[in-house]
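Numbering (my numbering), first residue to last: 2 to 150.
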């Protein structure tokens with residue numbers, strides 16, 4: 002049992018390192034004024050990219066690829082979080098605890114990206130990250146409950 006926990010912890014550490022890289026180190030920090038950066042890199046309209054895709058008269062590769070990268074990338078980014086975290090900490094098998102911690106972490110990530118000017122502060126990212134974590138969490142709960150039965 003201890004070996005399994007060590008492997009899970011190592012896997013989670015590798016996942017966190019990759020997530021930190023993708024979220025904070027992949028892009029160079031912007032040198033524009035903070036107020037201008039905030040104006041250009043915040044979005045508080047849920048699913049605005051879906052609206053843009055839906056209202057675009059001609060959907061080309063230039064429109065569809067960034068949309069899909071954003072959609073599936075944000076879902077995939079927190080999927081491992083939803084799988085690994087409840088397996089590592091029994092307290093996080095409780096849905097309320099898991100989702101409260103997850104929401105706080107994602108909000109912190111979004112705000113840190115804004116403060117350090119290395120990404121966007123986007124409600125859509127928050128929602129898609131939460132959905133990705135929820136899918137991982139639900140799959141893990143279903144599989145672990147079937148195993149326990």
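Every residue gets a Cβ at the ideal spot worked out from N, C-alpha and C, and that includes glycine. If you're wondering where the values come from, they're calculated on a predicted model, not measured in any experiment.
Counting the other CB atoms within 10 Å of its CB gives residue 107 a total of 16 or more, which places it among the buried residues. Looking at the DSSP output, residue 122 bridges to 43. Counting of Cβ neighbours within 10 angstroms places residue 85 among the buried residues, the total reaching 16 or more. Around the beta carbon of residue 110, 16 or more other beta carbons lie within 10 angstroms, which makes this residue buried. Its chain contains 42, 43, 111, 112, 114, 115 as the residues whose beta carbon lies nearer than 7 Å to that of residue 122, once the 5 sequence neighbours on both sides are disregarded; these appear in chain order. Taking all protein chains in view, the Cβ of residue 87 is crowded by 16 or more other Cβ atoms within 10 Å, so the residue is classified as buried.
Put simply, the stretch 93-100 does not touch the stretch 16-31. Fewer than three CB pairs are less than 8 Å apart.
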